[in-house]
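Below is one structure, written out as structure tokens; comments come after it.
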Amino acid sequence: MLDNMPRGTITIEEIEMGMTRHLRKVVTDRDIEMFAEVSTDRNPVHLDDDYAQDTIFEGRIAHGMLTAGLISAVIGEQLPGHGTVYMGQTLKFLGPVRPGDMVHAEVEVIGIDHAKRRVQLDCRCLVNGKKVLIGEATVLAPSGKFD
Numbered sequence: 001m002l003d004n005m006p007r008g009t010i011t012i013e014e015i016e017m018g019m020t021r022h023l024r025k026v027v028t029d030r031d032i033e034m035f036a037e038v039s040t041d042r043n044p045v046h047l048d049d050d051y052a053q054d055t056i057f058e059g060r061i062a063h064g065m066l067t068a069g070l071i072s073a074v075i076g077e078q079l080p081g082h083g084t085v086y087m088g089q090t091l092k093f094l095g096p097v098r099p100g101d102m103v104h105a106e107v108e109v110i111g112i113d114h115a116k117r118r119v120q121l122d123c124r125c126l127v128n129g130k131k132v133l134i135g136e137a138t139v140l141a142p143s144g145k146f147d
């Protein structure tokens with residue numbers, strides 16, 4: 001993975017509107033196989049070349065939630081980072097991610113409620129500059145006052 005910032009924590013006191021963080025990751029066959037194993041989602045569109053060739057995707061694709069997991073990685077490791085608690089997430093899948101695709105996962109701060117330590121994040125994943133996933137997350141950010 002290629003991150004734009006070191007892993008760690010940005011506390012609610014440090015978070016600013018418009019702040020962004022991202023990572024880039026090539027989705028591999030092994031990633032898809034491991035996700036299928038862990039999730040128990042063994043849909044052949046993810047695992048069987050012959051089956052997937054006859055679908056609307058005309059080939060194998062990664063699980064949508066595997067792609068969404070990259071958003072979780074940015075949130076849990078970078079912004080806000082360690083100590084963050086997920087409160088909610090919306091997702092809209094716009095296109096497939098295929099084995100070998102480089103996914104750019106990014107979050108951007110679009111709302112801050114300092115009193116409740118809540119941060120609203122715009123979330124997106126892109127492949128070759130094209131959005132394949134969009135959504136919003138609400139998280140409880142760590143605080144330097146309590147941690």
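Just so we're aligned: 75 in full-length UniProt numbering is position 75 of the sequence shown, and the numbers increase by one with no gaps anywhere. Here a beta-carbon is modelled for each residue, glycine too, at the ideal position from N, C-alpha and C. The model shown is predicted, which means the values in this text are computed figures rather than measured ones.
For this session: Identify which residue in Glu16, Lys145, Ile71, Thr84 has its Cα closest to the Cα of Ile134.
Result: For the purposes of this step, residue 134 is taken as the residue at position 134 of the sequence shown. The candidate whose alpha carbon is nearest that of Ile134 is Ile71.
Problem set entry | CB of Ala141 within 7 angstroms of CB of Val119, strictly | The sequence position of residue 141 within the sequence shown is 141, counting from 1. The sequence position of residue 119 within the sequence shown is 119, counting from 1. Yes, these two residues count as a Cβ contact at 7 angstroms.
Exercise. According to the Cβ coordinates, are Val97 and Thr55 closer than 7 angstroms?
Worked result: Numbered from 1 along the sequence shown, position 97 holds the residue referred to as residue 97. Numbered from 1 along the sequence shown, position 55 holds the residue referred to as residue 55. Contact flag unset, no.
Problem set entry | Residue range of the unbroken beta strand (DSSP E) whose run includes Phe35 | Along the sequence shown, one-based indexing puts residue 35 at 35. Counting along the chain, Phe35 falls outside any beta strand (DSSP E), though it belongs to the alpha helix (DSSP H) covering 29 to 39.
Problem set entry | Inter-residue Cα distance where the pair is His22 and Gly129 | On the sequence shown, residue 22 is found 22 positions in, with the first residue counted as 1. On the sequence shown, residue 129 is found 129 positions in, with the first residue counted as 1. So the two alpha carbons sit approximately 14 angstroms from each other.
Exercise. Per DSSP, which one or two residues make a beta bridge with Gly110?
Worked result: Position 110 of the sequence shown, counting from 1, holds the residue named residue 110. The sequence shown places Ile at residue 110, rather than the Gly named in the question. Paired residue(s): none; Ile110 is not in a bridge.
Problem set entry | Gly76: first and last residue of the uninterrupted alpha helix (DSSP H) it sits in | Here the question's residue 76 lines up with position 76 in the sequence shown. Counting along the chain, the unbroken alpha helix (DSSP H) around Gly76 starts and ends at 64 to 77.
For this session: Pull up the distance between the alpha-carbon of Thr84 and that of Gly76, whole angstroms please.
Result: On the sequence shown, position 84 is the one that residue 84 refers to. On the sequence shown, position 76 is the one that residue 76 refers to. Cα-Cα distance, rounded: 6 angstroms.
Exercise. Are three or more beta carbon pairs between the segment 102 to 110 and the segment 21 to 37 nearer than 8 angstroms?
Worked result: Between the segment 102 to 110 and the segment 21 to 37, the count of Cβ pairs shorter than 8 angstroms is three or higher; the stretches touch.
For this session: Check the C-beta distance from Val38 over to Met87 and give it rounded, since I have them as a contact under 8 angstroms.
Result: Residue 38 sits at position 38 when you count from the first residue of the sequence shown. Residue 87 sits at position 87 when you count from the first residue of the sequence shown. With a Cβ gap of about 23 angstroms, Val38 and Met87 do not count as contacting.
Exercise. Just how far apart, CA to CA, sit Glu33 and Glu58?
Worked result: For the purposes of this step, residue 33 is taken as residue 33 along the sequence shown, with counting starting at 1. For the purposes of this step, residue 58 is taken as residue 58 along the sequence shown, with counting starting at 1. Roughly 19 angstroms between the two C-alpha positions.
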